[in-house]
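Engineer: Sharing a structure here in structure tokens format.
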Amino acid sequence: MLRTMMKAKIHRARVTEANLDYVGSVTIDSDILKRVGILPNEKVQIVNNNNGERLETYVIPGDPGSGVICLNGAAARLVQKNDVVIIVSYAMVDEEELADFSPKIALMNEHNQIVELIEEEPPLTVI
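So for the sequence shown, this note's numbering puts the first residue at 15; every next one is plus one.
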């Protein structure tokens with residue numbers, strides 16, 4: 015059986031811009047993407063802490079070190095600059111892989127810098 019598990023989370027990032035005229039997606043600083051293991055074009059869920067909106071889109075890499083978190087296209091209607099968001103990617107994991115599976119969680123500061131990267135979560139086991 016495959017289970018859908020959290021693979022990576024960018025926790026409490028700040029939206030730096032919202033671009034309604036772009037074709038779509040979310041632009042994320044490529045340095046942040048590398049640290050948590052999210053790839054360009056990967057599907058992510060975005061949760062807006064300010065208004066409760068949830069949406070799914072795909073990632074495009076932004077300039078490294080820029081701190082950019084930009085919601086593009088229709089998603090730009092669901093956020094405002096400076097909103098705090100959580101960005102989550104998921105993976106399908108076979109039950110045999112659960113013991114070795116750990117998500118990467120980046121805790122962000124107000125400048126979209128990683129203040130802590132949690133990689134040593136306890137292994138997941140079936141309850």
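Beta carbons: idealized from backbone N, C-alpha and C, even for Gly.
The beta strand (DSSP E) with Asp43 in it runs from where to where?
Structural biologist: First-last of the beta strand (DSSP E) with Asp43: 39 to 43.
Engineer: What does Asn33 pair with, by DSSP beta-bridge criteria?
Structural biologist: DSSP, once it has assigned bridges, lists Asn86 as partnering Asn33.
Engineer: Using CA atoms only, rank isn't needed, just tell me which of Asn64, Pro78, Ile60 is closest to Thr71.
Structural biologist: Taking only the C-alpha atoms, the option nearest Thr71 is Ile60.
Engineer: Flag this pair as yes or no: are the beta carbons of Ser39 and Pro75 separated by less than 7 angstroms?
Structural biologist: No.
Engineer: Measuring only the C-alpha atoms, how far is Ile24 from Leu131?
Structural biologist: About 9 angstroms.
Engineer: Look at the Cβ atom of Val98, then the Cβ atom of Arg17, and state whether they are nearer than 7 angstroms.
Structural biologist: For Val98 and Arg17, no; Cβs fall outside 7 angstroms.
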